[in-house]
Each structure stands twice: as C-alpha cells, then as structure tokens.
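So in the numbering used here, spot 182 of the sequence shown is number 204, and the numbers just go up one at a time.
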Amino acid sequence: MKTKLFLALLLLNIASSFPQLAHADEDTTAQLQQAATGATFKIGATAFRLVPNARVEKLNADAGEQDRPKAELARIGPYSISLTGGAGGNTAAATGAAKLSGGAAHSEPFAVVVNQRSGAPALLTSRLKVYCKETAEAAALAQASKGKVLLASSAAQLLILDYASPAAALAAMPLLQNHRCVKAVEPEIRQSFASSDQLKRR
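Right, dumping it as structure tokens:
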C-alpha cells in the first residue's frame, strides 16, 4: 500500500513539473521575441529581427555552471545572451562577465537577432555574403561599402565582405543590393540554440 502511494505521489510530482519546465522555456524565448524591435532582414525565405538591447558574452572553456551569468536567457555555442534592459540587467550581465573573464567584462562583436519563424535567437556577425556574377568587382564593392574582402569565389559567384560591426554590415546592404552585378546579399549568422533552462537540465 505504501509503495503504491509513493508511486502515485511521484507520478503526480513529475506530471506537475512538466508545465513549469515548458513555461520556463517559453518565457525566455518570449523575452527575446518581445525585445526584437530592431531592423529586419531575410536569409532565403526566413526573416530575422534585431534585438537592440541584447548583450553577448563569451564564456571561458573552463567556466562552470556556477559562473553562468544570472541574466542569461540563451546560449549559442560558448556565447551567452542576455538583455541589458535597465540598470539591474546591466549589473547582472557585467557581474557574470567579470566571473567568466577573470574580472574584466567583455562584449563579443555580435548582435542578437530572432528568427521570426521559429522564435529562436541567432548571432549576427559583421560579415555579408554577396552573391555576385562578377567577382572581379569584389574590391570595388568592398571599398564603396566600407568593408574588406575576405573571400572571392568565381566558381560559387560568392563574395564574403567583412565590416567594422554587425550594424555597419546591415547598413551596407542597400548599397550592395543596388549594384548591377549583385544577385543577393545575406548577413552571416550563427544558429545553434539552447535555452538556459535546457542547459540546466543537461
């Protein structure tokens, strides 16, 4: 009888915990979605929108779970994502960064965007993929848009241009798109998503 009662209570406890776990995942995703109020761009048929007040920090390889920034909402590879929204958010993020980097907070050269189809965050780099029929135009395109050439592949008809920041890369897109040899321009992003709550359960 006691065994049956114990099993019943155990099953009830497990069942009641699932909605809380799901809610936590939805909550962190919802916070990033609500904060995505910046510029929008497309990669293929998928739209992405910028999160202006997001902060990206790189965690040290030997950082433990106790060193995870308290304000973290998501993580992509070694990069922790949080929102700066107000003094409290800034302080929490800076404290986490100080622990991870040995005292000095360091923001990575990425911006955060949200996939408008899936709701998942992604990291926006400072690079653009420029699909151009005439790769000999690479230097001219880079100079006109204040970028530099990282790759020019005539076989793939692809240029990869790098800029001072993700914002500078987005600002260069209209100019490049209007050039006669350019078929398409896409920002480079990194997408391997796991929420903070998913990471805790691993």
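The beta-carbon is built from N, C-alpha and C at its ideal position, and this holds for glycine as well.
| Contact the region 52-60 vs the region 131-141: 3+ CB pairs below 8 angstroms | yes
| With DSSP run on the structure shown, which of helix, strand or coil describes lysine 205? | Here residue 205 is taken as the residue at index 183 of the sequence shown, counted from 1. Three-state DSSP puts lysine 205 in a strand.
| field | Residues near proline 74 in its chain [Cβ-Cβ closer than 8 angstroms; skip 5 each side] | value | Reading the sequence shown from its first residue, position 52 is the one you call residue 74. Excluding residues within five positions, the ones whose Cβ falls inside 8 angstroms are Ala57, Thr59, Gly60.
| message | Which residue wins for smallest C-alpha separation from serine 148, given the options Glu159, Pro131, Lys155? | response | Working through the sequence shown from its first residue, we reach residue 148 at position 126. Ranking Glu159, Pro131, Lys155 by Cα distance to serine 148 puts Pro131 first.
| field | When Ala160, Arg71, Lys151 are compared against proline 209, the one with the closest alpha-carbon | value | To locate residue 209, count along the sequence shown from 1; it is residue 187. The residue with the shortest Cα to Cα distance from proline 209 is Lys151.
| query | Can you tell which of Ile65, Arg71, Thr50, Ala162 has its C-alpha closest to the C-alpha of isoleucine 103? | reply | Start at 1 with the first residue of the sequence shown, and residue 103 comes out as number 81. The shortest C-alpha separation from isoleucine 103 is found at Thr50.
| request: Using the Cα positions of glycine 66 and isoleucine 182, report the straight-line distance between them to the nearest angstrom. | output: Here residue 66 refers to the residue found at position 44 of the sequence shown. Here residue 182 refers to the residue found at position 160 of the sequence shown. Cα to Cα, the separation comes out at about 17 angstroms.
| said: Need the endpoints of the beta strand (DSSP E) that alanine 69 sits in, please. | reply: Counting from 1 along the sequence shown, the entry for residue 69 is found at position 47. Element bounds for alanine 69: 68-73.
| message | Tell me the rounded alpha-carbon separation between threonine 113 and proline 91. | response | Against the sequence shown, residue 113 aligns to sequence position 91. Against the sequence shown, residue 91 aligns to sequence position 69. Because threonine 113 sits at a pLDDT of 38, beneath the cut-off of 50, its placement in the model cannot be relied upon, and the point is left open.
| message | Looking only at its chain, what residues have a beta carbon closer than 6 angstroms to the beta carbon of serine 214, apart from the 5 residues adjacent to it on each side? | response | Here residue 214 is taken as the residue at index 192 of the sequence shown, counted from 1. Cβ within range, chain order: Ile98, Gly99.
| task | Indicate whether alanine 142 and phenylalanine 70 have their beta-carbon atoms separated by less than 8 angstroms. | result | By 1-based counting over the sequence shown, the position of residue 142 is 120. By 1-based counting over the sequence shown, the position of residue 70 is 48. Taking 8 angstroms as the Cβ cut-off, alanine 142 and phenylalanine 70 do not qualify as a contacting pair.
| field | Three-way DSSP call (helix, strand, coil) for serine 214 in this model | value | Indexing the sequence shown from 1 puts residue 214 at position 192. Residue state, collapsed to three classes: coil.
| request: Could you name the residues of the same chain whose beta carbon sits closer than 8 angstroms to that of leucine 197, not counting the 5 residues immediately before and after it, in chain order? | output: Numbered from 1 along the sequence shown, position 175 holds the residue referred to as residue 197. Around leucine 197: Ala166, Ser167.
| message | Quick check: what's the CA-CA separation for isoleucine 211 versus leucine 146? | response | Taking the sequence shown and counting its residues from 1, one reaches residue 211 at position 189. Taking the sequence shown and counting its residues from 1, one reaches residue 146 at position 124. Spanning the two alpha carbons is a distance of roughly 5 angstroms.
| If you drop the 5 nearest sequence neighbours on each side, which residues of the same chain put their C-beta closer than 6 angstroms to that of alanine 177? | In the sequence shown, the residue the question calls residue 177 occupies position 155. Around alanine 177: no qualifying Cβ.
| said: For a test of the three-state rule: what should DSSP assign to aspartate 49, helix, strand or coil? | reply: Within the sequence shown, numbered from 1, the residue matching residue 49 stands at position 27. If DSSP states are grouped into helix, strand and coil, aspartate 49 belongs with the helices.
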